[in-house]
Amino acid sequence: KAGVTQTPRYLIKTRGQQVTLSCSPISGHRSVSWYQQTPGQGLQFLFEYFSETQRNKGNFPGRFSGRQFSNSRSEMNVSTLELGDSALYLCASSTGQTTNEKLFFGSGTQLSVL
Amino acid sequence: AQSVTQPDIHITVSEGASLELRCNYSYGATPYLFWYVQSPGQGLQLLLKYFSGDTLVQGIKGFEAEFKRSQSSFNLRKPSVHWSDAAEHFCAVGGSSGGYQKVTFGIGTKLQVIP
């Protein structure tokens, strides 16, 4: 069974641009969560999608948005990039059926904003 | 609001020595608690989890953790550390309030293993 796949692996953008990151969950998983990881803040929860609906949301500005498709693949978009958006963005998938589930993480997309 | 505190940002141990990584949580009800490990350039992998039952939980790679409600702690232990354990370790708490998969992670403890 293939794991969680995130593309691209690395991205370099400049301030003011927008970016779209992609996440393909494990086959059969309907929940996709997104996290921002920075050295000083650890992992910060962005949002979770389940069956194409946003089910949970963290405390990030509206510049951060996401969506999920009928095949459970998810995209995350960041508009008007700021230097502070430089981070490793991780997605995790699970069946989404229970609260104590193991999360399966992708290797992440490293975003650098110049 | 749920939160996790990992007081040690960086820990160095000798190979073969015992290890304890500290984790304190804040959560209004019975928490679901996790330890994940992240090797360089990789995503996170679950080591173990607790949500009910026996307060001493066994995980993969010889790790164990003990849930102590009175101390709001969920410390990770290993009796003999291997060089391959060098990685960043994250404690996390989740639960039913606020939804299914809103897991809150600690800032992480970076483990260095010296020969």
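Residue numbers (the numbering used here), protein chains in the order written: chain W, 15 to 128; chain A, 557 to 671. All residues carry an ideal CB built from backbone N, CA and C; glycine is no exception.
**Report entry** Below-8 Å beta-carbon distance, residue 586/A vs any chain W residue
**Finding:** Position 30 of the second sequence, counting from 1, holds the residue named residue 586/A. By this cut-off, residue 586/A is not an interface position.
Query raised in the report: Could you give the distance in angstroms between the alpha-carbon of residue 126/W and the alpha-carbon of residue 102/W?
Result: Residue 126/W sits at position 112 when you count from the first residue of the first sequence. Residue 102/W sits at position 88 when you count from the first residue of the first sequence. Going by the C-alpha atoms only, they are around 9 Å apart.
Query raised in the report: Got a sec: is the Cβ-Cβ distance from residue 116/W to anything in chain A below 8 Å?
Result: The residue labelled residue 116/W in the question sits at position 102 within the first sequence. Yes, because at least one Cβ of chain A sits closer than 8 Å to the Cβ of residue 116/W.
Report task. Whole angstroms is fine: what's the gap from residue 105/W's alpha carbon to residue 47/W's? Result -> The residue labelled residue 105/W in the question sits at position 91 within the first sequence. The residue labelled residue 47/W in the question sits at position 33 within the first sequence. Approximately 5 Å, taken between the alpha carbons.
Report task. Just the C-alpha distance for residue 616/A and residue 20/W, rounded to the nearest angstrom, thanks. Result -> What you label residue 616/A is simply residue 60 of the second sequence in a count that begins at 1. What you label residue 20/W is simply residue 6 of the first sequence in a count that begins at 1. Cα to Cα, the separation comes out at about 25 Å.
Report task. Pull up the distance between the alpha-carbon of residue 558/A and that of residue 580/A, whole angstroms please. Result -> Here residue 558/A refers to the residue found at position 2 when the second sequence is read from its first residue. Here residue 580/A refers to the residue found at position 24 when the second sequence is read from its first residue. About 11 Å.
Query raised in the report: Apart from the five residues on each side of it in sequence, which residues of its chain come closer than 6 Å, Cβ to Cβ, to residue 27/W?
Result: Counting from one through the first sequence, the residue named residue 27/W turns up at place 13. For residue 27/W, where only same-chain residues beyond five positions count, the Cβ hits under 6 Å are 33, 95, 127.
Query raised in the report: When you check each C-beta in the region 67-80 of chain W against every C-beta of chain A, which residues fall closer than 7 Å?
Result: Cβ contacts with chain A come from 69, 70.
Query - Beta-carbon proximity list for residue 671/A, same chain, < 6 Å, skipping 5 on both sides - result: As a first step, residue 671/A must be located in the second sequence, where it is residue number 115. These residues qualify, in order along the chain: 571.
Requested in this report: Please determine, among 669/A, 668/A, 664/A, the residue with the shortest C-alpha to C-alpha distance to residue 743/A.
Outcome: This structure cannot settle anything about residue 743/A, because the visible part of chain A is limited to 557 through 671.
Query raised in the report: For the beta strand (DSSP E) that residue 80/W lies in, which residues bound it at each end?
Result: The residue labelled residue 80/W in the question sits at position 66 within the first sequence. That run of the beta strand (DSSP E) goes 78-82.
Query raised in the report: What do you get for residue 612/A, buried or exposed, if any count of 16 or more other CB atoms within 10 angstroms of its CB means buried?
Result: On the second sequence, position 56 is the one that residue 612/A refers to. Under this definition residue 612/A is an exposed residue.
Query raised in the report: Less than 8 Å separating the beta-carbons of residue 592/A and residue 577/A?
Result: As a first step, residue 592/A is located in the second sequence; it is residue number 36 there, counting from the start. As a first step, residue 577/A is located in the second sequence; it is residue number 21 there, counting from the start. No.
Query raised in the report: Does DSSP classify residue 71/W as helix, strand or coil?
Result: In the first sequence, residue 71/W corresponds to position 57, counting from 1. Residue 71/W carries a strand assignment under DSSP once its states are collapsed to helix, strand and coil.
Report task. Kindly say whether residue 605/A, judged by its beta-carbon, lies nearer than 8 Å to any beta-carbon of chain W. Result -> Taking the second sequence and counting its residues from 1, the one referred to as residue 605/A is at position 49. At a cut-off of 8 Å between beta-carbon atoms, residue 605/A makes contact with chain W.
Query raised in the report: Using a Cβ cut-off of 9 Å, which residues of the region 95-117 of chain W contact any Cβ in chain A, in chain order?
Result: Taking a C-beta cut-off of 9 Å against chain A, the contacting residues of the region 95-117 of chain W are 104, 105, 106, 108, 110, 111, 112, 113, 114, 115, 116, 117, listed in chain order.
**Report entry** Residues sharing a beta bridge with residue 62/W, DSSP
**Finding:** Along the first sequence, one-based indexing puts residue 62/W at 48. As computed with DSSP, residue 62/W is found in a beta bridge with 47/W, 70/W.
Requested in this report: Please report the Cβ distance between residue 648/A and residue 595/A, rounded to the nearest whole angstrom; I am assuming they are in contact, meaning their Cβ atoms lie under 8 Å.
Outcome: As a position in the second sequence, residue 648/A is number 92, starting the count at 1. As a position in the second sequence, residue 595/A is number 39, starting the count at 1. Not a contact, Cβ separation roughly 17 Å.
Query raised in the report: Do you know whose CA, among 561/A, 569/A, 560/A, lies nearest residue 639/A's CA?
Result: Numbered from 1 along the second sequence, position 83 holds the residue referred to as residue 639/A. The residue with the shortest Cα to Cα distance from residue 639/A is 569/A.
Query raised in the report: Using DSSP with H/G/I as helix, E/B as strand and the rest coil, what is residue 616/A?
Result: Counting from one through the second sequence, the residue named residue 616/A turns up at place 60. Residue state, collapsed to three classes: helix.
Requested in this report: Determine which residues share a DSSP beta bridge with residue 666/A and list them.
Outcome: Position 110 of the second sequence, counting from 1, holds the residue named residue 666/A. According to DSSP, residue 666/A bridges with 566/A, 644/A.
Query raised in the report: Quick one: is residue 42/W near chain A, going by C-beta distance under 8 Å?
Result: Residue numbering aside, residue 42/W sits at position 28 when the first sequence is read from its first letter. Not closer than 8 Å to any Cβ of chain A, the Cβ of residue 42/W fails to qualify, so no.
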